[in-house]
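Be aware that the sequence shown starts at 1, since it is given in the UniProt record's numbering, and climbs by one per residue.
Virtual Cβ for every residue (Gly too), placed ideally from N, Cα, C.
Keep in mind the model is a prediction, meaning the values are calculated, not measured.
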Amino acid sequence: MLDRKVAPPVQPLASVTLPAADVFSLPNGARLHVLHNDAQPIIRLEVALRAGKWHDPSPGVSLLTARMLLEGTRTRTARQIADEIAFYGASLECEQGFDRATLTLYCLSRHLENLLPLVAEVIAAPTFPTVELELLKSRSIQNMRVERQKTSYRASERFAQNLYGPEHPYGIAFNEELFGQVDREAVALFHQSHYQLASSEIFLCGAVDIGQQNLVSEVLGTPVSSAGMASLVRASPNPNLPTDYVVVPDSSQASLRIGRLWPTLTHPDTHALQVLIKVLGGYFGSRLMKNIREDKGFTYGIYASISSRENANSLIIGTDVNAASTAAAVGEIHHELKRLQQELIPIDELQTVKNYMAGKFANELGTVFEQCDKYKNIVFLNLPHTYYSDFLAQVAEVDAAKLQNLANQHLAPATMTEVIAGPR
1 MLDRKVAPPV QPLASVTLPA ADVFSLPNGA RLHVLHNDAQ PIIRLEVALR AGKWHDPSPG
61 VSLLTARMLL EGTRTRTARQ IADEIAFYGA SLECEQGFDR ATLTLYCLSR HLENLLPLVA
121 EVIAAPTFPT VELELLKSRS IQNMRVERQK TSYRASERFA QNLYGPEHPY GIAFNEELFG
181 QVDREAVALF HQSHYQLASS EIFLCGAVDI GQQNLVSEVL GTPVSSAGMA SLVRASPNPN
241 LPTDYVVVPD SSQASLRIGR LWPTLTHPDT HALQVLIKVL GGYFGSRLMK NIREDKGFTY
301 GIYASISSRE NANSLIIGTD VNAASTAAAV GEIHHELKRL QQELIPIDEL QTVKNYMAGK
361 FANELGTVFE QCDKYKNIVF LNLPHTYYSD FLAQVAEVDA AKLQNLANQH LAPATMTEVI
421 AGPR
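As structure tokens, then:
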């Protein structure tokens with residue numbers, strides 16, 4: 001009979017190697033990355049352009065440009081675009097990120113040929129109709145007013161401002177007045193400068209045959225004239241500031257954001273640092289969860305995570321607590337940071353975290369799309385090609401003494417930027 005009081009045995013995970021991508025330089029200068037997998041007759045096509053928030057000439061322009069791509073082209077209205085995508089049972093979206101904007105198509109492999117001309121036209125020939133632009137601006141402003149009533153949003157917004165600096169692309173806050181002033185000309189100019197396929201990275205993964213690969217190269221790789229991207233001067237990250245309090249009237253809870261700038265993923269201790277943050281607050285059994293959720297009952301959940309972007313990394317500890325418990329919660333977070341500096345992590349706890357990380361890593365490689373997501377990190381963050389194959393070995397090798405040393409280097413409470421958003 002199965003004894004459910006005894007955990008099943010844990011089997012060590014063998015080394016994992018990501019599938020190799022075939023990389024092609026297209027005639028227009030773009031790079032095409034192809035990952036083949038015939039498990040299902042599905043294809044994902046992603047076109048990543050240097051058109052994220054980092055490249056904003058003024059707040060909101062990159063966001064509006066990305067969201068307006070599907071609102072009409074030279075030969076199709078927004079309704080016609082949506083109807084064509086629906087007819088083939090496909091999905092087409094454009095998302096603006098901090099560093100890049102990404103147009104993503106999901107479709108059955110046999111429909112790629114029919115949908116590629118639409119994808120090319122959406123990228124190259126949007127019309128940015130004024131009526132739709134004004135409606136989008138109005139909806140976005142209304143949504144932001146709702147978000148800013150939440151302590152969690154206000155804390156995250158101020159944390160980014162204080163961590164990076166209020167003029168840094170990662171730290172600029174939403175400005176309703178400036179956002180409302182963005183006009184069609186600004187959007188069209190940003191599109192002309194930054195939606196150039198010549199500077200894009202194109203990822204094609206799934207059930208791809210050589211004919212489809214060549215078709216993507218032909219449709220998205222044709223040389224075109226290019227307006228150069230503007231050279232932008234950026235502010236340096238902000239130095240750490242004392243605890244900042246954002247007043248959100250009539251709120252019954254407070255949101256905490258504590259963290260600092262963090263070493264890049266190319267740092268020689270990057271995998272060991274990930275183990276350290278997992279122990280602190282990176283999974284349900286972490287120290288922050290056990291202390292602040294299970295023992296103290298201050299919150300339903302608390303996390304510590306590393307945010308990796310192309311131009312900066314950061315450590316973020318975040319939670320929402322009852323307003324009356326704010327000071328006690330901050331004190332317990334400091335306590336857990338100091339414990340990692342002063343005490344060695346017990347062997348059994350460290351082994352549990354290593355097992356969790358290995359299992360989660362394997363689970364994140366279950367589909368070709370997930371494998372492609374890992375591969376994109378290598379491309380965008382300039383990681384060594386052995387980054388993920390080294391992950392398991394380096395996580396398995398790290399010991400408690402190494403982690404204590406890293407905690408003393410990177411987790412001192414005095415080096416943290418702290419923000420609390422809550423009632424007066």
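**Where V16 falls: helix, strand or coil (DSSP)** = coil
**Request:** To the nearest angstrom, report how far apart L273 and D83 are at their CA atoms.
**Result:** 48 Å
**Asked** Could you give the residue range of the alpha helix (DSSP H) that holds F391?
**Response** 387-397
**For A188 and A396, the rounded distance between their alpha carbons** = 51 Å
**Prompt:** Can you find at least 3 beta carbon pairs, one from the segment 286-293 and one from the segment 128-147, that sit closer than 8 Å?
**Reply:** no
**Asked** Which value, in whole angstroms, describes the spacing of the CA atoms of G228 and L49?
**Response** Because the pLDDT at G228 is just 42, under 50, the model does not fix this residue reliably, and the point stays unresolved.
**Request:** Output the distance between the C-alpha atoms of V6 and L276, rounded to the nearest integer angstrom.
**Result:** 27 Å
**Item:** C-alpha gap between L118 and P59, whole angstroms
**Value:** 29 Å
**Item:** Rounded straight-line distance, which links the Cα of A414 to that of H194
**Value:** 40 Å
**Request:** Within 10 angstroms of the Cβ of V233, are there 16 or more other Cβ atoms? Answer buried if so, exposed if not.
**Result:** Any answer about V233 is weak, because its pLDDT of 46 lies below 50 and its placement is not dependable; what the coordinates show is given next. Classification of V233: exposed, given that the 10 Å Cβ count is below 16.
**Asked** When DSSP labels each residue in this structure, what does H267 get in the three-state scheme?
**Response** coil
**Item:** First through last residue of the alpha helix (DSSP H) which encompasses V368
**Value:** 368-380
**For Q96: DSSP bridge partner residues** = A101
**Message:** On the DSSP bridge list, what partners appear for R154?
**Reply:** BP columns for R154 are empty, so no partner.
**Asked** With 16 as the cutoff for other CB atoms within 10 Å, does F128 come out buried or exposed?
**Response** buried
**Asked** Would the beta-carbon of L256 fall within 9 Å of that of A155?
**Response** yes
**Request:** Following the continuous beta strand (DSSP E) through N322, name the residue where it begins and the one where it ends.
**Result:** 313-322
**Coil, strand or helix - G228 by DSSP** = Only weak support exists for where G228 lies, its pLDDT of 42 falling under 50; the coordinates are left without a value.
**Message:** Please classify F87 as buried or exposed, where buried requires at least 16 other C-beta atoms within 10 Å of its C-beta.
**Reply:** exposed
**Message:** Can you tell me whether E201 is buried or exposed? The criterion is at least 16 other CB atoms within 10 Å of its CB, across all chains shown.
**Reply:** buried
**Message:** So F203 and K376 are supposed to be a Cβ contact under 8 Å. How far apart are they, rounded?
**Reply:** 6 Å
**Request:** Check whether the Cβ atoms of I316 and G259 lie closer than 9 Å to each other.
**Result:** yes
**Asked** Are there 16 or more other CB atoms within 10 angstroms of the CB of Q161, so buried, or fewer, so exposed?
**Response** buried
**Message:** If you measure between the beta carbons of L116 and V219, is that distance less than 9 Å?
**Reply:** yes
**Prompt:** Relative to the C-alpha of L92, which residue among N363, A120, D38 is closest?
**Reply:** A120
**Request:** Rounded to whole angstroms, what's the CA-CA distance from P249 to A328? Just pull it up for me.
**Result:** 21 Å
**Asked** Where do the N-terminal and C-terminal ends of the beta strand (DSSP E) with Q253 fall, by residue?
**Response** 253-262
**Cβ pair count under 8 Å reaching 3, the segment 31-39 against the segment 206-216** = yes
**Request:** Pull up the DSSP beta-bridge partners for P126, would you.
**Result:** T73
**Message:** Let's see if you can read the secondary structure: which residues bound the alpha helix (DSSP H) around E349?
**Reply:** 347-363
**S286, buried or exposed, once every other Cβ within 10 Å from all chains shown has been counted against 16** = buried
**Inter-residue CB distance, K402 and Y388 (contact presumed, cutoff 8 Å)** = Incorrect: roughly 21 Å between the Cβ atoms, too far for contact.
**Asked** When the Cα of Y421 is compared with those of Y170, L133, D244, L406, which residue comes out closest?
**Response** According to the sequence provided, residue 421 is Ala. The question's Tyr does not apply to it. Comparing Cα-Cα distances from A421 to each of Y170, L133, D244, L406, the minimum goes to D244.
**Request:** Compute the Euclidean distance between the alpha carbons of L70 and Y303, then round it to the nearest angstrom.
**Result:** 36 Å
**Request:** Express the C-alpha separation of E177 and Q342 in angstroms, rounding to a whole number.
**Result:** 49 Å
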